[in-house]
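Residues in the sequence shown are numbered from 300 upward in steps of one, following the working numbering.
Here's the structure, in structure tokens; my notes come after.
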Amino acid sequence: YYPHQRWMFSGVRLAWDDRMEATAPDEGFEADLIEGLSRPQKSVSPKYFYDAEGSRLFEDITRVPEYYPTRQEAALLSAEADRLAAFIGDDAALVEFGSGASAKTRIVLDAATGLVAYQPIDISATALEEAATAIRRDYPALRVEAVEGDFLALETLTAIQGVTRRVGFFPGSTIGNLSEAQALTFLRGARALLGEGARFILGVDLVKAPEILLAAYDDADGVTAAFNRNLLVRANRELGADFEVDAFEHQAIWRADVNQIEMHLQATSDLSVHIKGGRFDFMRGETLHTETCRKFTEASVTTLCERAGWSVDAVLTSDAPKVALVLMTA
300 YYPHQRWMFS GVRLAWDDRM EATAPDEGFE ADLIEGLSRP QKSVSPKYFY DAEGSRLFED
360 ITRVPEYYPT RQEAALLSAE ADRLAAFIGD DAALVEFGSG ASAKTRIVLD AATGLVAYQP
420 IDISATALEE AATAIRRDYP ALRVEAVEGD FLALETLTAI QGVTRRVGFF PGSTIGNLSE
480 AQALTFLRGA RALLGEGARF ILGVDLVKAP EILLAAYDDA DGVTAAFNRN LLVRANRELG
540 ADFEVDAFEH QAIWRADVNQ IEMHLQATSD LSVHIKGGRF DFMRGETLHT ETCRKFTEAS
600 VTTLCERAGW SVDAVLTSDA PKVALVLMTA
């Protein structure tokens, strides 16, 4: 998962790869869970991972040895800092899809001295204010224009005096949480929003040996398993559900046919779950699908971006285990 900082757009639900603020009970959780449990393949959106405990557990995940994506992408951003600065250029605004203020954002801001503005986009006013305050404090010469709203509902960005180019920034391989259709919608929308001549820095995870991928999503210390099962704990607490949490085992599955990792919770016995008067039966071995993370090859991510109307300038890769940054121009 690049489960993640925040699901910031209401149309295409996007996750991010750093700390997510603790969330209040989500009014959509009940309806979404009931609808998901009613499907032949039971499922629930990974956005519901992130209550306070889920956010804490994900921070723990980023520190386990097996979970390479966060540290590999940060290392790649640092290693390619000069190239990224040249790609961004002078008199540019960095437009981050998410609230920003993460360590990765700061690597780019430190390197790209030609930036004149930073525009994070998020539906969370609280997250935006926290990020904007931190960036303004630490980068006083940078103009910070926080944009509150649903990305897909935005038609334009506020013009900023002195800005001649916008550069989109979407790290964390968050695009891997989207279906191909959703990813195309996002990339096309970003191109339209940023405008002709815009540039974009996109982070993705690359296909690699199954044992490396599976370990990243099923660490030996069981942190990811606890993170996955915490979704059931949240449902019991917030919705009055009666999941037998210990009766579900964490599963990470690599589907080589479609280059994606899936996370599931598998029932270890026949059981029933009750939520708001509804009953949902699990047979032994049946699963609740909680997360999909698509992985890419350099060729497949290039094709995806080009289909969305972008011209790919370069695909930069890290040391093994490899992640990539895609540099592209509208």
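Glycine included, every Cβ here is placed at the ideal spot set by N, Cα and C.
Does residue i pass the burial test, meaning 16 or more other C-beta atoms within 10 Å, or should it be called exposed?
i, result
"Asp-660", "Past the boundaries of the shown model lies residue 660; the chain is included only from 300 to 629, so the question cannot be answered."
"Ser-398", "buried"
"Ala-629", "buried"
"Gly-521", "exposed"
"Thr-404", "buried"
"Gly-419", "Strictly speaking, residue 419 in this sequence is Pro, with Gly absent from that position. Buried, since its Cβ has 16 or more Cβ neighbours within 10 Å."
"Ser-354", "buried"
"Gly-539", "exposed"
"Ala-497", "buried"
"Val-614", "buried"
"Glu-379", "buried"
"Gly-502", "buried"
"Gly-467", "buried"
"Ala-480", "exposed"
"Ala-416", "buried"
"Ala-551", "buried"
Look at the alpha carbon of residue i and the alpha carbon of residue j, and state the distance between them as a whole number of angstroms.
i, j, result
"Leu-624", "Asn-535", "39 Å"
"Ser-617", "Arg-490", "26 Å"
"Glu-358", "Phe-469", "19 Å"
"Ala-524", "Lys-594", "21 Å"
"Val-532", "Phe-547", "11 Å"
"Leu-336", "Asp-518", "27 Å"
"Asp-612", "Ala-445", "28 Å"
"Leu-375", "Phe-386", "15 Å"
"Asn-527", "Glu-429", "28 Å"
"Ala-440", "Asp-389", "14 Å"
"Gln-565", "Ala-424", "37 Å"
"Gln-460", "Val-544", "55 Å"
"Pro-324", "Ala-431", "Note that Pro-324 scores 48 on pLDDT, short of 50, meaning its location in the model is unreliable; the coordinates nonetheless yield the value given after this. If you take the alpha carbons of Pro-324 and Ala-431, they lie about 25 Å apart."
"Val-394", "Val-443", "10 Å"
"Arg-465", "Ala-373", "22 Å"
"Ser-610", "Leu-486", "12 Å"
"Asp-437", "Met-582", "54 Å"
"Arg-312", "Leu-427", "Its pLDDT being 39, under 50, Arg-312 is placed unreliably by the model, and the measurement read from it follows with that caveat. Using only the alpha carbons, I get a separation of about 17 Å."
"Ala-392", "Phe-542", "47 Å"
"Glu-334", "Val-557", "25 Å"
"Ala-458", "Arg-382", "26 Å"
"Asn-435", "Val-407", "It should be noted that the sequence gives Arg, not Asn, for residue 435. In a straight line, the C-alpha of Arg-435 is about 15 Å away from that of Val-407."
"Gly-494", "Thr-601", "20 Å"
"Phe-396", "Arg-338", "31 Å"
"Ser-244", "Ile-500", "Nothing in the structure corresponds to residue 244, since the chain is present only between 300 and 629."
Within its chain, find whatever has a CB closer than 7 Å to the CB of residue i; leave out the 5 residues flanking it on each side and keep chain order.
i, result
"Ala-482", "Ile-474 and Leu-603"
"Arg-630", "Missing from the structure shown is residue 630; the chain here goes from 300 to 629 and no further."
"Asp-580", "Ser-571"
"Phe-631", "Residue 631 lies beyond the residue range present for the chain, which begins at 300 and ends at 629; the question has no answer from this structure."
"Gln-371", "Ser-617, Pro-620 and Val-622"
"Tyr-366", "Ile-360, Ala-515 and Asp-518"
"Thr-596", "Leu-505 and Val-506"
"Leu-513", "Ala-551 and Trp-553"
"Val-363", "Asp-518, Asp-520 and Val-522"
Within the same chain, show all residues whose beta-carbon is closer than 8 Å to that of residue i, passing over the 5 residues directly before and after it, in chain order.
i, result
"Pro-509", "Trp-553 and Ala-555"
"Ala-384", "Ala-410, Ala-411, Thr-412 and Gly-413"
"Asn-529", "Phe-348, Asp-350, Glu-352, Gly-353 and Leu-356"
"Thr-567", "Ala-546, Phe-547, Glu-548 and Arg-583"
"Val-462", "Asp-390, Ala-391, Ala-392, Val-415 and Ala-416"
"Gly-608", "Leu-486, Arg-487, Arg-490 and Ala-629"
Between which residues of its own chain and residue i is the CB-CB distance below 6 Å, once the five residues before and five after are set aside?
i, result
"Glu-447", "Ala-424 and Leu-427"
"Ile-511", "Pro-620"
**Asked** Counting only runs that start and end within the segment 361-410, where is the beta strand (DSSP E) found for 3 or more residues in a row?
**Response** Runs of beta strand (DSSP E) with 3 or more residues, each lying fully within the segment 361-410, are found at 391-396, listed in chain order.
**Request:** Check whether the segment 577-587 touches the segment 333-343, taking contact to mean three or more Cβ pairs, one atom from each stretch, closer than 8 Å.
**Result:** At 8 Å Cβ cutoff, the stretches touch.
**Request:** Give a yes or no on contact between the segment 569-578 and the segment 454-461, applying the rule of three or more CB pairs nearer than 8 Å.
**Result:** Segments in contact, no.
**Request:** Identify every run of the beta strand (DSSP E) within the segment 405-485, keeping only runs that are complete inside it and at least 3 residues long; order them along the chain.
**Result:** The segment 405-485 contains these whole beta strand (DSSP E) runs: 414-421 and 464-469.
**Item:** Ordered list of alpha helix (DSSP H) runs contained in the segment 557-626, each at least 4 residues
**Value:** Given a length threshold of 4 residues, each whole run of the alpha helix (DSSP H) inside the segment 557-626 is given here in chain order: 597-606.
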